[in-house]
Every structure is written in structure tokens, then in C-alpha cells.
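Participant:
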Amino acid sequence: MAKIQPASLGLAAELPRHVGIIMDGNGRWAKARGLPRPLGHRAGMERLRGLIQLTSDLGIEALSLYAFSTENWKRPAGEVEALLGLFMEYFRRELEALHANGVCIRTLGEKRAFPQNIQNALAEAEAKTRDNQGLKLNVALNYGSRDEVVRAVNLLMARGEPVDEPALMGALYTAGLPELDLVIRTGGEQRLSNFLLLQAAYAELIFVPDYFPDFSDARYVACLQEFQRRNRRFGNVPG
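Under the numbering used here, the first residue of the sequence shown is numbered -10, with each subsequent residue one higher.
(1) Could you tell me which residues DSSP pairs with arginine 95 in its beta bridges?
(2) Which value, in whole angstroms, describes the spacing of the CA atoms of alanine 114 and leucine 130?
(3) Would you say the segment 158 to 169 touches the segment 204 to 212, given that touching needs at least three Cβ pairs under 8 angstroms?
(4) Use the C-beta contact count for glycine 9: other C-beta atoms within 10 angstroms, 16 or more gives buried, fewer gives exposed.
(5) Counting Cβ pairs closer than 8 angstroms, one from the segment -2 to 14 and one from the segment 213 to 220, do we hit at least three?
(6) When you compare only the Cα positions, how much space is there between asparagine 15 and glycine 33?
(7) In terms of DSSP beta bridges, what is valine 172 paired with?
(8) Whose C-alpha, out of Pro65, Gly123 and Glu35, is nearest the C-alpha of proline 202?
(9) Could you check which residue in Leu43, Glu85 and Ser134 has the C-alpha nearest to that of glutamine -6?
(10) Enumerate, from N- to C-terminal direction, the unbroken beta strand (DSSP E) stretches of 3 or more residues contained entirely within the segment 47 to 123.
(11) From which residue to which residue does the alpha helix (DSSP H) around arginine 148 run?
Below, the structure written as C-alpha cells:
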């Protein structure tokens, strides 16, 4: 249930059910300030709390965050190590507050590539919040949409099931969630970078110049307002 009435923020009542955010620009945010890239990732992590809280308070059903792609392993070893440490810190620090707020956490991606301590932390977060009825928070970690599709097809074939559209969508990491209505990418780039490609088939796309640590509540609300101004026809001819 919404704790903030959309009208109080200049929003219409009909909000997207599922928002995806490609959290880009942490490293460039740090570089612009003469800081090491890992400090940019930390600044991005600090921004998450307010973003998740506002999404929850507005009563939006699901929020999917692109935190670590399958391609991110190619980054310098020190940066990858710092990112893994931040994942551990985030779930250790925020889990109780997220649970108390009724948030249900799901991780999207192949977790077995991570060190065992991170796998354990992710499993604990999912198990602890599984029955919560609030915001569905999906964190894409070691995730790539093409890999997800291959995994889903192989799963269906192993079960001897037909590979049709309903079965395929049901075998994705996001099974049971509404498809994406809105994808926001921060940092100025204008591409999806292998993020939830099937789920975003009919999503509205908004690209903002702000680096993720600077992606304010006001900018987020402006993106929601822009979403509400768009005419979503889903292939139909306007009446």
C-alpha cells in the first residue's frame, strides 16, 4: 500500500508496476571528483536506500536494479574486489531494514560465480524476505539477458517441455513478476546493455544524464511523470 500519495508529487494515480534501473556512471562520478572508482560505487550504494524507500512508499510493485553484469568481470581486479565487498556490506547493513519494510528480495543471475560468503549472504536475504508482501526488489548480479534466455531454454529442454513464449517467460529469473513498464538508465548512455531484454519488450525507456550517485528523488519523480505522459499503444492504432 502506498505511503505517499502520487498526487503529492505531481504524479497521476497510475504508476508503472515494474521499474528497472540501469545504475550507470558511478566510476565517472568518482573520476570527475578526482576519486578512485570504488568510491563512486560506494556513493551509488549510499543512494540506493532513498531510491528503494521512495519506490516502496509510492506503492510501485517491483523494482529491478542492474548491479553487476556478466561483462563486469572484465573490469580491473581491484575494482571487482571492491564491488564484491560492497555487495556484502550492503546486504549485511540493509537487510534488517528492508525486511522490516516488507521488501521481498530476489537476485537475478548466476550466483555460483561469486565467492561462497557472498552466495550465503544472497541466499540469506532471499530466504529472510521471501514471504514479505511489499516491494519486490530484484537485484541483477552476474546477470546477462542472453545468458538468462539460454539458461531458460536449456531448463525447459531438460524438463522435456515445449519452448514456447509462456513457458520461456516462466523459466526466466523474473517468473511471476509483471513485465517491465519503465527502464531508466543513468549516466547518459542510451542502450540496454543486455538488461532484461525480454522483460523490457514493451517498456518505456528513459535515459538521463545524471551519474547514478546524483540520481535524485526529484529526477526519479520526473522520470515517472515522463512515463505517465507517454501513450503506450502496444502495437494498437490510437483511437
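Think of the CB as a built atom: it goes at the ideal place given N, C-alpha and C, for glycine as much as any other residue.
Here the structure is a predicted model, which is why all the values come from computation and not from measurement.
Facilitator: Quick answer:
(1) DSSP output for arginine 95 lists Asn127 as bridge partner(s).
(2) Taking the straight line joining both Cα atoms gives about 14 angstroms.
(3) With contact defined as three or more Cβ pairs closer than 8 angstroms, the segment 158 to 169 and the segment 204 to 212 are not in contact.
(4) Glycine 9 should be labelled buried.
(5) Yes: at least three Cβ pairs fall under 8 angstroms.
(6) Roughly 6 angstroms between the two C-alpha positions.
(7) DSSP output for valine 172 lists Gly9 and Leu194 as bridge partner(s).
(8) Closest in alpha carbon position to proline 202, among Pro65, Gly123 and Glu35, is Glu35.
(9) For the options Leu43, Glu85 and Ser134, the alpha carbon positioned closest to that of glutamine -6 is the one of Leu43.
(10) Secondary structure in the segment 47 to 123: the beta strand (DSSP E) runs of 3 residues or longer, each lying completely within the stretch, are 51 to 58 and 93 to 97 in chain order.
(11) Taken as a continuous stretch (DSSP letters only), the alpha helix (DSSP H) holding arginine 148 covers 134 to 148.
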